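Asks: In this text, residue positions in the sequence shown follow the working numbering: the first is 6, and each later residue adds one.
All C-beta atoms, glycine included, are put in the ideal place defined by N, C-alpha and C.
Just so you know, these numbers come straight off a predicted model, no measurement behind them.
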Amino acid sequence: VPSFPGKTLVPVDTSGSMAGDLGGGSHAYGRTSHRISCATAAAMFGVALALKGENVDIWAWATTAKKVDLHPGSSVLTGVKQVIETLVGYTTEIDNAIRTAYDGHDRIVILSDFQTADRYLSRLPADTYVHSFDLGGYSSKGIDLNNPKAFLYGGLTDTTFNLMTQVESGSKANWPWEHS
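1) With a threshold of 16 other CB atoms inside 10 Å of the CB of Thr-170, please say whether the residue is buried or exposed.
2) For Arg-112, which three-state DSSP category applies?
3) With respect to the beta strand (DSSP E) encompassing Lys-71, which residues constitute its N-terminal and C-terminal limits?
4) Do Asp-26 and Ser-42 have their C-beta atoms within less than 8 Å of each other?
5) Going by the C-beta, is Thr-164 closer than 7 Å to any heavy atom of the ligand GTP?
6) Should Ala-67 and Gly-84 be called a contact, given that it needs their Cβ atoms to be closer than 8 Å?
7) Using CA atoms only, rank isn't needed, just tell me which of Ile-99, Thr-13 and Thr-91 is closest to Asn-60.
8) What does the alpha-carbon distance come out to for the pair Ser-80 and Lys-57?
9) Apply the 10 Å Cβ neighbour rule to Thr-45 and answer buried if 16 or more other Cβ atoms are within range, or exposed otherwise.
10) If you follow the beta strand (DSSP E) that Ala-65 is part of, which residue opens it and which one closes it?
11) Could you check the C-alpha separation between Arg-40 and Asp-62 for me, to the nearest Å?
12) Look up Thr-83 in the DSSP assignment and say whether it is helix, strand or coil.
13) For a quick check, are the C-beta atoms of Ile-89 and Ile-103 less than 8 Å apart?
14) What would DSSP say about Ala-131, mapped onto helix, strand or coil?
15) Using DSSP's beta-bridge definition, name the partner residues of Ser-137.
16) If I follow the unbroken alpha helix (DSSP H) through Thr-105, where does it start and stop?
17) Note the first and the last residue of the continuous beta strand (DSSP E) segment covering Leu-14.
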C-alpha cells in the first residue's frame, strides 16, 4: 500500500446496495462460494489507505456522510468494523458525501457500486485526482470522465494501489525498462 503525498479523501459507500457480494456471488459445483460484501471490500481498501497514508481522511457515506476517526494503532479489520458500523443511512448520495467531506484534498478515492440517483459530482478543482472504483458495475454516472484527472476502475485487485500511483505519475513516468 503506497503512502500518497498530500491530502487524500477516501469516501467509502456503506449504502444498502453495498451489502451484496463483491463479484455477485456464485454457486460453483453445487457449493456456495463464500464472498465478502462490496461494503466490506471497500472498507478494507479504504482503511488500508488510511492507515498507511500521510494525511488521509476516511468517510463512511450513504444518505449522509460521517468522518471515521480510526483508533490509534488499530488493525485493518478493526478499522473495517468501524467504517461498516458508522450509521449514515441506506441510499447512495455521492454528491452530498463529496461536498460534505471535501476540504482541499489532492486526491479522492471513491469506493462504491455507483448505484446512485446523483447525476454528477459537484465541480471539483481541476488539480484534484479522482480515483473511482466501481464495485457493482451499475454505471459511471456521478463521475465526470471529461476531467483528465478523473479515473474510473472496475473492481478492486491486488494491483489497485499500483495503478493509482501509475496514473498519477502520468507523463512523468518511465517505461518499466527505463531507469532514471
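Replies: So, to answer that:
1) Numbered from 1 along the sequence shown, position 165 holds the residue referred to as residue 170. Exposed.
2) Stepping through the sequence shown from its first residue, residue 112 is reached at position 107. In this structure, Arg-112 counts as strand in the three-state DSSP scheme.
3) Residue mapping note: residue 71 aligns to position 66 of the sequence shown, counting from 1. Segment 70-72, the beta strand (DSSP E) holding Lys-71.
4) Looking up residue 26 in the sequence shown gives position 21. Looking up residue 42 in the sequence shown gives position 37. Yes, these two residues count as a Cβ contact at 8 Å.
5) Only the bare structure without any ligand can be found here, which leaves the ligand GTP out of the picture.
6) In the sequence shown, the residue the question calls residue 67 occupies position 62. In the sequence shown, the residue the question calls residue 84 occupies position 79. Contact: no.
7) Along the sequence shown, read from residue 1 onward, the residue named residue 60 stands at position 55. Looking at the Cα atoms, Thr-13 is the closest of the given residues.
8) Along the sequence shown, read from residue 1 onward, the residue named residue 80 stands at position 75. Along the sequence shown, read from residue 1 onward, the residue named residue 57 stands at position 52. Between Ser-80 and Lys-57, the C-alpha separation is close to 11 Å.
9) The residue labelled residue 45 in the question sits at position 40 within the sequence shown. Counting Cβ neighbours within 10 Å, Thr-45 comes out buried, since at least 16 surround it.
10) For the purposes of this step, residue 65 is taken as the residue at position 60 of the sequence shown. Segment 60-66, the beta strand (DSSP E) holding Ala-65.
11) Against the sequence shown, residue 40 aligns to sequence position 35. Against the sequence shown, residue 62 aligns to sequence position 57. Straight-line Cα distance between these residues: approximately 27 Å.
12) Looking up residue 83 in the sequence shown gives position 78. Helix, per DSSP.
13) Position 84 of the sequence shown holds residue 89. Position 98 of the sequence shown holds residue 103. Result no, Cβ atoms of Ile-89 and Ile-103 do not sit closer than 8 Å.
14) By one-based count along the sequence shown, residue 131 stands at place 126. Ala-131: coil per DSSP, three-state reduction.
15) By one-based count along the sequence shown, residue 137 stands at place 132. Ile-115 and Leu-157, per the DSSP bridge assignment.
16) Along the sequence shown, read from residue 1 onward, the residue named residue 105 stands at position 100. Its alpha helix (DSSP H) spans residues 99-106.
17) Here the question's residue 14 lines up with position 9 in the sequence shown. Per DSSP, Leu-14 belongs to the beta strand (DSSP E) from 12-18.
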